[in-house]
Structure formats: C-alpha cells, structure tokens
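Asks:
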DNA sequence: CATGAATGAGAATTCATTCAT
DNA sequence: TATGAATGAATTCTCATTCAT
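Residue numbers (the numbering used here), protein chains in the order written: chain A, 1 to 202; chain B, 203 to 404; chain C, 405 to 606; chain D, 607 to 808.
1. Beta-carbon within less than 7 Å of residue 479 of chain C's beta-carbon, same chain only, minus the 5 sequence neighbours each way: which residues are those?
2. So, helix, strand or coil for residue 488 of chain C, using DSSP?
3. Any beta carbon from chain B within less than 7 Å of residue 266 of chain A's own beta carbon?
4. For a contact defined as C-beta to C-beta under 7 Å, what are the partners of residue 596 of chain C on chain D?
5. Given that a residue counts as buried once 16 or more other Cβ atoms are within 10 Å of its Cβ, and exposed if not, what is residue 418 of chain C?
6. Going by alpha carbons, who is nearest to residue 85 of chain A out of A:144, A:56, A:183 and A:99?
7. Which whole-angstrom value is the C-beta distance of residue 735 of chain D and residue 684 of chain D, which I expect to be below 8 Å?
8. Does any C-beta atom of chain C lie closer than 7 Å to the C-beta of residue 770 of chain D?
9. Could you round the C-beta distance between residue 602 of chain C and residue 568 of chain C to whole angstroms and report it? I think they count as a contact, below 8 Å.
10. I need the DSSP call for residue 353 of chain B, collapsed to helix, strand or coil.
11. Any chance the region 661-672 of chain D sits against the region 624-638 of chain D, with 3 or more Cβ pairs inside 8 Å?
12. Evaluate contact between the region 14-24 of chain A and the region 38-46 of chain A, counting only Cβ atoms and requiring at least three cross-stretch pairs below 8 Å.
13. According to DSSP, simplified to helix, strand and coil, what is residue 642 of chain D?
14. So the alpha helix (DSSP H) residue 460 of chain C belongs to, where does it begin and stop?
15. Using beta-carbon positions only, say whether residue 688 of chain D and residue 676 of chain D come within less than 7 Å of one another.
16. Residues of chain D with CB closer than 8 Å to the CB of residue 561 of chain C, please, in chain order.
17. By the 10 Å Cβ neighbour count, where 16 or more other Cβ atoms means buried, how is residue 350 of chain B classified, buried or exposed?
18. State yes or no: is the C-beta of residue 800 of chain D within less than 7 Å of the C-beta of residue 573 of chain C?
19. Under the rule that 16 or more other beta-carbon atoms within 10 Å means buried, what is residue 458 of chain C, buried or exposed?
20. To the nearest angstrom, how far is it from the Cα of residue 445 of chain C to the Cα of residue 453 of chain C?
21. Is residue 591 of chain C closer than 7 Å to residue 501 of chain C when the C-beta atoms are compared?
22. Rounded to the nearest angstrom, what separates residue 542 of chain C and residue 560 of chain C at their Cα positions?
23. Measure the alpha-carbon distance for residue 461 of chain C versus residue 527 of chain C and round it to whole angstroms.
24. From residue 369 of chain B to residue 39 of chain A, what does the alpha carbon distance come to, in whole angstroms?
25. Any Cβ of chain B within less than 7 Å of the Cβ of residue 161 of chain A?
26. Using 10 angstroms around the beta-carbon of residue 798 of chain D, count the other beta-carbons present and answer buried if the total reaches 16, otherwise exposed.
27. Can you check whether the C-beta of residue 543 of chain C is within less than 7 Å of a C-beta belonging to chain D?
28. Would residue 632 of chain C be called buried (16 or more neighbouring beta carbons within 10 Å of its own) or exposed?
29. Under DSSP, the alpha helix (DSSP H) around residue 429 of chain B begins and ends at which residues?
30. Where does residue 212 of chain B land, buried or exposed, given buried means 16+ other C-beta within 10 angstroms?
31. What residues from chain C crowd round residue 708 of chain D, counting only those whose CB sits closer than 9 Å?
32. Can you tell me where the alpha helix (DSSP H) holding residue 121 of chain A begins and where it ends?
33. Under DSSP, the alpha helix (DSSP H) around residue 216 of chain B begins and ends at which residues?
34. Note down, in chain order, every chain A residue with its Cβ under 9 Å from the Cβ of residue 291 of chain B.
35. Quick check on the burial criterion: 16 or more other C-beta atoms within 10 angstroms. Buried or exposed for residue 496 of chain C?
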C-alpha cells in the first residue's frame with residue numbers, strides 16, 4: 001500500500017517539530033541546559049523520546065537549532081533597528097536597549113544562550129551566534145565611523161565589547177532576581193555605557 | 203611515640219595538592235567544566251581517584267577552590283594596579299590591559315571561570331567571583347567620578363560592562379586561535395573601548 | 405494520536421517489576437542485604453541496572469518494598485489465624501506453628517527481614533515490620549487475658565518475646581542445614597515453648 | 607643490631623591491642639558496624655591504620671574478636687549465675703535479669719552483637735556466640751528438668767527461644783529510646799515470660 | 001510511524017588494605 | 001617499627017540513544 005503524504009500529515013510533522021523546539025526552549029529558559037534532558041523535552045512536548053529522534057538526529061543537533069533559531073530571531077530584530085532610520089548613535093542606542101529589555105523579560109534563556117555551554121557542538125554554535133550578534137553591531141559601528149559620528153576604532157573589538165558588556169550587565173541582575181534596581185534604570189545605564197564607549201562624546 | 207612528619211613528606215603532600223589543582227585547572231582550561239571529571243583529574247595529576255578525596259572532600263569543593271584561587275590571584279593584581287598611582291583613567295587603562303594580556307596567555311580558563319556554570323556550589327562561587335572582579339573596577343570608577351575625570355554614571359553597571367566587554371572580546375580570538383590579529387592591537391582596542399565608555403572624552 | 409499500551413506490554417511491565425522484586429528477595433535470602441547490590445539484582449533479574457531505576461526510584465525504596473511486602477504477606481496469614489475460631493491458646497499455637505513452618509521453607513529470608521539492618525530507610529521499615537508482627541500476637545494475648553485463659557502479663561513484652569523466640573529458634577537450624585532434627589519436632593517444641601510462656605498451665 | 611623485646615615493649619604491644627579492641631567496641635556501640643571503619647578505629651584508638659594491621663590481619667578478624675570477647679564476658683557472668691546456688695528456676699530468673707539489665711545499660715552494643723551482621727566472617731562468629739549464650743541456658747534447663755522443677759521439654763529449642771525472646775524484647779525499646787517504660791518493669795516482664803515458658807507453673 | 005522500556009557506559013564517592021618512608 | 005598517603009575495585013545512580021511492539 002503506497003502512502004500518500006497528505007497536506008495534513010505534512011502539517012502535523014512540522015507542528016511536532018515546532019513543539020519539540022518550543023519545549024526545549026522552555027526548559028532551557030526555566031532551568032538551563034542542565035534541566036533540558038531528552039526525557040524532559042519529550043514530556044513537555046507531549047511526544048515520546050523516540051519521536052524526538054525522528055525529527056532531530058541527536059540532542060546536540062536539537063539544541064544547536066534551539067540556540068541558532070532563538071539568536072536568529074534576536075538578530076532579525078536588531079538588524080531591523082540597525083538598518084532603520086536615524087543617526088548611527090540613535091540606532092546603536094535603540095538596538096542595545098531593545099536587546100536588554102527583551103533579555104530582562106525572559107532572563108534565563110538569554111543567559112543560557114549567550115553564556116552557558118553545553119556540549120562541544122552546542123558550544124561551537126554558541127560562538128557562531130555571538131559572532132552573528134557582533135556582526136549587527138559592526139554595521140552600525142562602520143556606519144557611524146563613515147559619517148564621522150564615531151571616532152576611529154576597531155570595529156571587531158568594539159562589537160564584541162558591546163555584546164560582552166550588555167550580556168554581563170544583564171546576567172548579574174538575572175541571578176539575584178530579588179531587590180534589583182528598576183529595569184528601566186538598568187537598561188538606561190547599559191545603553192549609556194555603550195553609547196559613550198563607541199561615541200566618545202556626550 | 204608518634205613519628206615526626208618529615209619535611210619531605212610535608213612537601214610531597216602540598217605538591218600533590220598543587221598537582222590536583224593544576225590538573226583541574228588545566229582540564230577546565232582545555233575543555234571546560236564538562237571535561238573535568240574526577241577520573242580525568244586523577245589521570246592528569248598522576249594520582250588515583252581516591253587520592254583526590256584525601257585532599258578535597260568533594261568535586262564541588264575542589265572546583266570552587268580552583269575557581270576562587272584563580273580569581274583571587276587576578277583580583278590581587280588588578281587591585282594593586284587600581285590602588286596605585288596615576289589618574290583614575292590611567293589606572294583603569296592599566297588594569298584592563300593587564301587583565302587582557304594575562305587572559306590571552308591562559309585563554310580558555312579565564313572564560314570558563316567567568317562565564318561557565320558547573321554545579322550549584324561552583325556556580326554560587328562563580329557569582330561571588332564575578333562580583334569580586336566588578337568590585338575592583340567600581341573603585342576606580344568611583345575615584346574617577348569623585349575627581350571629575352569621569353562623568354556621572356552607574357558604578358554597578360559600568361563595572362559589570364567592563365568585565366563583560368573585555369571577557370567577550372578576549373574569548374573570540376581565543377577560540378579561533380588561527381589568524382588572529384596581533385595581541386598588542388587587540389589589547390589596545392579593548393582598553394580604548396573601556397576608556398571611552400567610562401570617560402567620555404578622548 | 406497516542407498509541408494504546410497493549411495488554412501484552414502491561415503484562416511485561418508488571419512481570420519485570422515482579423522479577424526485580426523476586427531477584428532482590430532471592431539475593432537477600434541467600435546472602436543477606438550485603439549481597440543484594442543493584443548490580444546483582446540486575447544480573448539475577450536479567451535486566452540492566454538502568455531498568456531497575458525505571459521501576460524503583462532508589463535502592464532503599466526497592467528493599468523497603470521487598471521487606472514490607474514479604475512481612476505484610478506473613479502478617480495476613482497470621483492475622484487470619486489469630487482472628488479465627490477456637491480458644492486463644494489454640495489460635496496462638498496455630499499462629500506460631502504456621503509461621504515456623506513457612507519460615508522453615510524459605511529460611512534465610514525471614515531471618516534477614518526480622519534481624520538484619522541495611523541502610524537507614526530500610527532499617528526504619530524493618531522496625532515497623534517487627535511492630536506489625538508483634539501487633540498480631542498482642543491481639544491474641546489480650547483475648548486470652550480477657551477470657552481468663554492467660555494469666556495477667558505484659559502484652560507488649562510478651563508479643564516481642566514470642567517473635568524473638570521463634571525467630572531465634574528458627575535461625576539456628578536454618579543456618580546449619582545439615583543434620584537438623586525433624587522440622588516437625590522443631591515446630592512442636594517452639595509452639596510448646598510459646599504456649600507455656602503465655603499460658604502458664606500445661 | 608639484635609633487638610631485645612623488653613618487658614616494657616611487650617606491655618605496650620598488648621596495650622595497643624587492647625586499645626584497638628576498645629575503640630572498635632566503642633564505635634560499634636555508638637553507631638553499629640556501619641560506623642566502625644578501620645579509619646575510625648585508628649582515629650579513636652590513637653593509632654594509625656597501618657598499626658591496626660600489625661595486630662589484626664584483617665577487619666573481619668578484628669571484629670570477630672570484638673564480638674567474641676564481649677560475648678565471652680557476658681557468658682562468664684551468666685555462667686557464674688547459672689552454676690551458683692538456688693533452685694534452677696531462681697538461677698534462670700537471675701541470669702535473664704542480669705543479661706537484660708546489662709544490655710539496657712549499653713544498649714547499642716548488645717544489639718549490634720546479637721542482631722546486626724556485618725560481613726560473612728563476623729556473621730559466622732555471631733552465630734557461634736548465640737550458641738554460646740544458648741549453652742549457658744541449656745545447663746540450667748537440664749538441671750531444672752533433672753530436679754523435676756521444669757517439665758520435660760527440648761533443651762536446644764528452649765535455650766534458643768530464651769535467647770531470642772529477651773534479645774527481641776530488649777532491641778525494641780532500644781530503638782525507640784524516648785517514652786520507654788521503666789527498665790525495671792521491662793526486665794521483670796521478660797524474666798516472667800521466660801520463667802513461665804520453661805517452668806509451666808506460676 | 002509512534003512509543004517508551006531497556007540499555008550500558010560513565011559519573012561521584014567510599015574504604016579495606018598496602019607499602020615507601 | 002609505626003605511619004598514613006595512596007590505591008583501585010566496588011557502589012549507587014543518570015541519561016542519550018535504540019529498537020521491539
């Protein structure tokens with residue numbers, strides 16, 4: 001009996017795939033990579049462990065995709081801001097502020113993806129992701145230098161420093177959730193720091 | 203009559219302790235906490251697994267010591283610089299440059315200690331260590347603001363951003379060892395970034 | 405669509421659970437709790453160590469169940485006898501005789517359960533089990549005292565002494581299996597001892 | 607250089623041996639065989655682990671001696687009572703009462719020796735010790751039967767039952783130390799039980 | 001094609017025993 | 001001779017991955 005893969009079936013397949021990714025994302029967000037076992041992903045997604053392996057050949061591959069898709073999404077948002085209107089300085093401030101605000105809403109996820117290693121494959125993907133983040137900032141740095149808004153500086157290092165600066169500044173309040181300063185003030189301080197760092201004028 | 207513990211024996215004991223710490227440090231530097239199993243520490247240190255437990259009551263305690271001793275050492279060096287002579291700006295530049303140069307020599311370790319989580323006990327120690335690093339920079343920031351060298355800014359956020367910025371900027375070249383720019387130029391770029399970020403004048 | 409768990413599968417699951425319990429029971433019977441490692445249970449049951457942990461969350465829980473289920477079974481039998489017809493004395497004799505005969509068939513197990521401690525959790529369960537045994541005998545003692553068959557005496561101590569007496573008398577012949585007197589005579593002697601101890605008249 | 611083993615040295619040797627035995631006894635009394643590791647024995651005795659092995663070839667041998675010497679001591683006391691003056695019944699009551707009172711003073715030790723097994727060698731010794739205990743009671747049983755004080759009964763079984771009865775009755779209060787009945791009343795109840803069991807008349 | 005029970009290598013930790021000093 | 005550091009096999013438990021149903 002020949003099987004026809006119906007549209008319905010196709011849909012279910014990609015729905016399952018999405019469910020698995022969502023479950024993995026949620027688990028990492030709630031408890032880090034440590035809490036994200038295949039068994040847990042199966043439980044949260046409502047599928048079996050065997051089913052996970054139908055959609056992803058290994059745990060590494062699954063989490064590399066979780067990581068890259070989340071980062072790609074963030075990068076799209078940042079890119080839209082960086083490629084938008086306004087001065088380079090305005091765009092940089094807006095991009096940093098946007099990332100910081102989003103990270104403060106879903107804290108552990110941002111931390112895990114940016115800072116937490118898992119196994120070597122995921123680690124390799126994480127490094128590529130950080131580079132992707134950096135690339136967005138490189139563009140606005142180049143634009144600012146071209147227009148004379150920013151002084152001459154290393155684009156590579158500047159971009160990495162920006163990513164590192166706001167990552168680190170965001171990680172700490174995340175870890176002591178209680179008694180943190182207002183998120184507004186935190187975002188503002190991070191943005192000011194990056195602004196001064198690249199601009200040199202206040 | 204109890205036998206005197208000979209000086210030779212004493213020396214071997216502390217030598218073994220140091221060997222265990224060195225082995226643990228090396229394993230973390232090469233492959234992160236993931237690669238640092240007790241078995242691996244035993245193999246690299248040339249001792250048995252049981253011997254590890256004569257010197258350290260648990261894996262957690264061992265790695266907390268690895269972490270805190272490394273960080274304490276770095277903090278001492280930074281503190282000496284920050285408490286030295288010169289303008290706040292000069293001292294900040296010197297501190298960042300010193301850390302960056304040292305990190306480039308023993309690369310992965312710095313990252314693993316700053317960014318990589320392990321088990322809850324080590325994680326708790328790691329958070330304290332990050333705070334210690336930040337504290338050093340807070341002092342120079344306060345000094346610069348008091349003397350009017352630096353504009354008014356958030357000391358907490360600024361310190362975290364500095365730590366994050368140079369950590370991130372150092373991690374990337376470390377991970378793609380080939381084709382990196384000259385270390386000198388890298389250090390210079392990082393220092394300039396932090397300098398502008400806190401000072402606002404060039 | 406979730407698949408139905410077939411009756412066959414259901415059966416295999418409870419069969420495995422039973423196999424694990426049986427293997428644990430056998431190992432305790434043959435060599436005491438000392439000989440009953442998880443590895444040994446896995447070997448004897450024909451499963452892997454990991455499989456044991458699908459059915460029982462820890463070694464303690466497994467052995468607590470082995471212990472309590474065996475004791476509960478014995479207690480049911482004794483309770484049925486003690487709550488049956490006849491004089492208190494007849495029921496006491498029947499209960500002791502029944503336990504003794506059963507113990508002589510599966511010897512070491514009864515002893516290990518009554519006398520041998522293991523880890524704290526199992527030990528706690530063991531104490532509760534001894535109390536359960538004692539409770540059965542307390543009832544018949546109270547009945548006999550109420551009816552005037554037995555002289556006034558401590559119910560608590562009497563019950564404990566009965567359990568201890570037949571346990572000890574059964575343990576020795578069990579351990580030197582060769583050359584033992586006839587089981588019949590042994591059971592008779594134990595029953596007579598307990599009978600005299602509580603009744604005081606022959 | 608030929609060594610002369612001086613009297614002083616001889617004394618120290620047997621003193622050390624005694625210290626080791628005392629340390630082992632104390633540890634078993636306080637925490638059972640579980641707490642009695644060779645390292646712990648070394649610590650408590652003030653000797654090194656290596657020294658333990660100069661006096662005892664293995665842990666088993668050490669604890670077999672701890673066990674047998676303690677039991678031998680109890681047996682001597684019981685034997686003196688059993689071989690003393692008075693009716694068989696009086697001597698039996700006195701012996702049981704003596705053992706019970708002593709056990710209540712140093713409870714864990716008696717329990718560990720009577721009920722708790724360790725490794726196979728110690729276990730074998732424990733069984734022999736119980737037999738030794740039983741032998742004492744066999745003598746008084748025989749004496750009582752010969753004089754017509756006790757009815758005809760199995761000496762072997764009776765002795766075992768007596769040992770089991772008072773052991774069990776003593777073990778329980780030991781384990782729930784709080785809220786126990788008065789020791790006096792407990793001893794009395796145990797003695798009465800054994801008395802009735804062998805004598806048949808009140 | 002989905003299921004989830006089973007696998008088994010590997011992790012941290014313990015401890016009786018040995019042997020270089 | 002006494003020491004106690006070192007050994008290493010054994011223990012309990014975890015989890016990514018497979019495969020019979």
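Just so you know, even glycine gets a beta-carbon here, dropped at the ideal spot from N, CA and C.
Replies: This is what the structure holds:
1. Numbered from its first residue, the third chain carries residue 479 of chain C at position 75. Only 536, 537 and 540 meet the Cβ criterion.
2. Here residue 488 of chain C is taken as the residue at index 84 of the third chain, counted from 1. Three-state result, residue 488 of chain C: coil.
3. Residue 266 of chain A cannot be examined here, being either before or after the span of chain A that is shown, 1 to 202.
4. As a working mapping, residue 596 of chain C is identified with position 192 in the third chain. The answer, in chain order, is 759.
5. The residue labelled residue 418 of chain C in the question sits at position 14 within the third chain. Classification for residue 418 of chain C: exposed.
6. Locating residue 85 of chain A in the first chain gives position 85, where the first residue counts as 1. The residue with the shortest Cα to Cα distance from residue 85 of chain A is A:144.
7. Walking along the fourth chain from the start, residue 735 of chain D turns up at place 129. Walking along the fourth chain from the start, residue 684 of chain D turns up at place 78. The pair is not a contact, with the Cβ atoms about 12 Å apart (cut-off 8 Å).
8. Taking the first residue of the fourth chain as position 1, residue 770 of chain D is located at position 164. It does: the Cβ of residue 770 of chain D has a partner Cβ on chain C nearer than 7 Å.
9. As a position in the third chain, residue 602 of chain C is number 198, starting the count at 1. As a position in the third chain, residue 568 of chain C is number 164, starting the count at 1. That pair is no contact at about 14 Å.
10. Against the second chain, residue 353 of chain B aligns to sequence position 151. In this structure, residue 353 of chain B counts as coil in the three-state DSSP scheme.
11. yes
12. yes
13. As a working note, residue 642 of chain D is residue 36 in the fourth chain. Three-state DSSP puts residue 642 of chain D in coil, outside helix and strand.
14. As a working note, residue 460 of chain C is residue 56 in the third chain. Unbroken run through residue 460 of chain C: none, as it is neither H nor E.
15. Along the fourth chain, read from residue 1 onward, the residue named residue 688 of chain D stands at position 82. Along the fourth chain, read from residue 1 onward, the residue named residue 676 of chain D stands at position 70. Contact: no.
16. Residue mapping note: residue 561 of chain C aligns to position 157 of the third chain, counting from 1. 775, 792, 795, 796 and 799, listed in chain order.
17. In the second chain, counting from the first residue as 1, residue 350 of chain B sits at position 148. Counting Cβ neighbours within 10 Å, residue 350 of chain B comes out exposed, since fewer than 16 surround it.
18. As a working note, residue 800 of chain D is residue 194 in the fourth chain. As a working note, residue 573 of chain C is residue 169 in the third chain. No, Cβ-Cβ distance for residue 800 of chain D and residue 573 of chain C is not below 7 Å.
19. Position 54 of the third chain, counting from 1, holds the residue named residue 458 of chain C. Label assigned to residue 458 of chain C: exposed.
20. Locating residue 445 of chain C in the third chain gives position 41, counting from the first residue. Locating residue 453 of chain C in the third chain gives position 49, counting from the first residue. Cα to Cα, residue 445 of chain C sits roughly 8 Å from residue 453 of chain C.
21. If you number the third chain from 1, residue 501 of chain C lands on position 97. If you number the third chain from 1, residue 591 of chain C lands on position 187. Yes, these two residues count as a Cβ contact at 7 Å.
22. In the third chain, counting from the first residue as 1, residue 542 of chain C sits at position 138. In the third chain, counting from the first residue as 1, residue 560 of chain C sits at position 156. Roughly 7 Å separates the two Cα atoms.
23. As a working note, residue 461 of chain C is residue 57 in the third chain. As a working note, residue 527 of chain C is residue 123 in the third chain. In a straight line, the C-alpha of residue 461 of chain C is about 18 Å away from that of residue 527 of chain C.
24. Along the second chain, one-based indexing puts residue 369 of chain B at 167. Along the first chain, one-based indexing puts residue 39 of chain A at 39. For residue 369 of chain B and residue 39 of chain A, the distance between alpha carbons rounds to 35 Å.
25. Working through the first chain from its first residue, we reach residue 161 of chain A at position 161. Answer yes: the Cβ-Cβ gap between residue 161 of chain A and chain B drops below 7 Å somewhere.
26. Stepping through the fourth chain from its first residue, residue 798 of chain D is reached at position 192. Its Cβ being crowded by 16 or more others within 10 Å, residue 798 of chain D is buried.
27. Here residue 543 of chain C refers to the residue found at position 139 when the third chain is read from its first residue. Taking Cβ atoms only, chain D never reaches closer than 7 Å to residue 543 of chain C, which makes this a no.
28. This structure cannot speak to residue 632 of chain C, because chain C is shown only from 405 to 606.
29. A query on residue 429 of chain B cannot be resolved here, the shown segment of chain B reaching from 203 to 404 and no further.
30. Working through the second chain from its first residue, we reach residue 212 of chain B at position 10. Exposed, because fewer than 16 other Cβ atoms sit within 10 Å of the Cβ of residue 212 of chain B.
31. Locating residue 708 of chain D in the fourth chain gives position 102, counting from the first residue. Chain C residues near residue 708 of chain D: none, gap ~17 Å exceeds 9 Å.
32. By one-based count along the first chain, residue 121 of chain A stands at place 121. Its alpha helix (DSSP H) spans residues 120-146.
33. As a first step, residue 216 of chain B must be located in the second chain, where it is residue number 14. Taken as a continuous stretch (DSSP letters only), the alpha helix (DSSP H) holding residue 216 of chain B covers 209-233.
34. Numbered from its first residue, the second chain carries residue 291 of chain B at position 89. Ordered by position in chain A, no residue passes the 9 Å Cβ test against residue 291 of chain B, which lies about 13 Å from the chain.
35. Looking up residue 496 of chain C in the third chain gives position 92. Classification of residue 496 of chain C: buried, given that the 10 Å Cβ count is 16 or more.
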